[in-house]
Structures are given as structure tokens and as C-alpha cells.
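Colleague:
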Amino acid sequence: MCSSDLLAPAMHAQVVLMSLSGIKETPVGSTFQYGEVAVGDSLDVRFHARNQGAGPITITNLKVTGPGFSIVNTSSTPYVVASGDVMAIFVRFLSAQTGDFGATLQVTWKDAAGATNSASATLQAKAVPAPVVTVAAPCTGPDPTKTISFGRSQQ
Numbered sequence: 002m003c004s005s006d007l008l009a010p011a012m013h014a015q016v017v018l019m020s021l022s023g024i025k026e027t028p029v030g031s032t033f034q035y036g037e038v039a040v041g042d043s044l045d046v047r048f049h050a051r052n053q054g055a056g057p058i059t060i061t062n063l064k065v066t067g068p069g070f071s072i073v074n075t076s077s078t079p080y081v082v083a084s085g086d087v088m089a090i091f092v093r094f095l096s097a098q099t100g101d102f103g104a105t106l107q108v109t110w111k112d113a114a115g116a117t118n119s120a121s122a123t124l125q126a127k128a129v130p131a132p133v134v135t136v137a138a139p140c141t142g143p144d145p146t147k148t149i150s151f152g153r154s155q156q
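So this is what it looks like as C-alpha cells:
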């Protein structure tokens with residue numbers, strides 16, 4: 002191994018996938034849990050593709066593969082990300098049936114030297130039955146005139 006091989010990893014831009022909750026950014030790691038989502042409801046999660054490298058990168062492709070998941074409201078590629086900056090990626094989960102769902106989110110980029118790299122994470126969600134709301138008959142008051150007495154009141 003030559004000395005230039007030892008330096009090569011430091012010279013490549015690195016993307017880390019982060020989830021965003023409010024203003025708190027958390028590294029995703031290999032798996033991100035959406036939790037339980039009611040059938041017919043959607044849940045959008047904001048991810049950041051954070052460039053932790055020393056130079057700019059160009060994100061060339063974003064994809065999510067798996068039923069129920071889709072990329073929404075996200076800038077198109079190619080997208081240049083400066084060192085220390087992020088590209089926001091919104092991934093929606095929506096299902097018409099109950100069950101456990103999984104997908105893979107993959108971000109592909111090129112560094113300044115033209116080398117292609119990628120980062121990915123597994124997304125998991127559970128679609129649960131939607132809550133049922135029952136509406137009772139309206140209150141009609143104590144008499145058929147629908148007048149409700151509040152008793153005596155003083156001014």
C-alpha cells in the first residue's frame with residue numbers, strides 16, 4: 002500500500018444520512034423507524050444528506066424502493082452540496098392496508114474528483130387500523146322546546 006492510498010479516504014466527500022425532528026438532527030444509522038401510522042394517513046419525515054467532507058459534492062440520484070414509501074417535496078438532482086451543508090430529502094409513508102412495511106433510501110453522489118459513492122438506510126413502518134369515531138345523537142335538553150335552564154344567575 003502506498004502513502005497516497007492512506008490519504009484517499011480523507012479526500013473523498015462523505016455523506017451521512019440524518020433525520021430531523023424539530024431542529025434536532027440525528028444520524029440515521031442503518032435503520033430508521035417511522036413507527037405506527039394509521040391506514041390512509043401519511044407521515045413525512047425530513048432527512049438530511051449531510052456533506053461531512055472537505056469539498057463540495059453533487060448528489061446525482063435519490064431513490065426509495067419499497068411499497069408505501071415515496072420521495073416528496075425534494076429538490077431535483079443533480080444537486081450540489083457544499084462542505085458542511087445538507088440536501089433536505091422528504092420521504093412519505095402512506096398505506097391503504099395494515100401491515101409491516103420496509104424500504105431502502107439511497108443517496109448517490111459524485112465527489113470533486115468524479116468518484117461515485119452512495120449511502121443508504123432501511124426505512125420501517127407499521128400501518129395500523131385507522132381509529133373509528135362514533136358520533137352520538139345530539140343533546141336535546143330537558144324539554145321538547147330544547148330550552149336549557151341554568152338556574153338563577155346574578156349580575
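Just so it is clear: in the sequence shown, position 64 is 65 by our numbering, and no numbers are missing. All C-beta atoms in this analysis are idealised placements derived from N, C-alpha and C, irrespective of residue type, glycine included.
(1) By alpha-carbon positions, which one of A120, A97, F33 ends up nearest to P68?
(2) Just tell me which of L124, D86, A55, V87 has its CA closest to the CA of V65.
(3) Going along the chain, which residues of its own chain have a beta-carbon closer than 7 Å to the beta-carbon of T99, five neighbours each way excluded?
(4) Give the secondary structure of A83 by DSSP, where H, G and I count as helix, E and B as strand, and everything else as coil.
(5) Residues in the same chain with beta-carbon distance under 7 Å from T78, minus the five sequence neighbours each way, listed in chain order, please.
(6) Taking DSSP's pairing of strands, which residues face D45 in a bridge?
Modeller: In this structure, then:
(1) To locate residue 68, count along the sequence shown from 1; it is residue 67. Closest in C-alpha terms to P68, from the list A120, A97, F33, comes A97.
(2) Along the sequence shown, read from residue 1 onward, the residue named residue 65 stands at position 64. It is L124.
(3) Along the sequence shown, one-based indexing puts residue 99 at 98. Close CB contacts of T99 within its chain, under the 7 Å cut and outside five residues either way in sequence, are with V40, A128, V129, P130 (chain order).
(4) Taking the sequence shown and counting its residues from 1, the one referred to as residue 83 is at position 82. Looking at A83 - three-state DSSP - the assignment turns out to be coil, as it is neither helix nor strand.
(5) By one-based count along the sequence shown, residue 78 stands at place 77. Cβ within range, chain order: I60, T61, N62, L63.
(6) Looking up residue 45 in the sequence shown gives position 44. Partner(s): R93.
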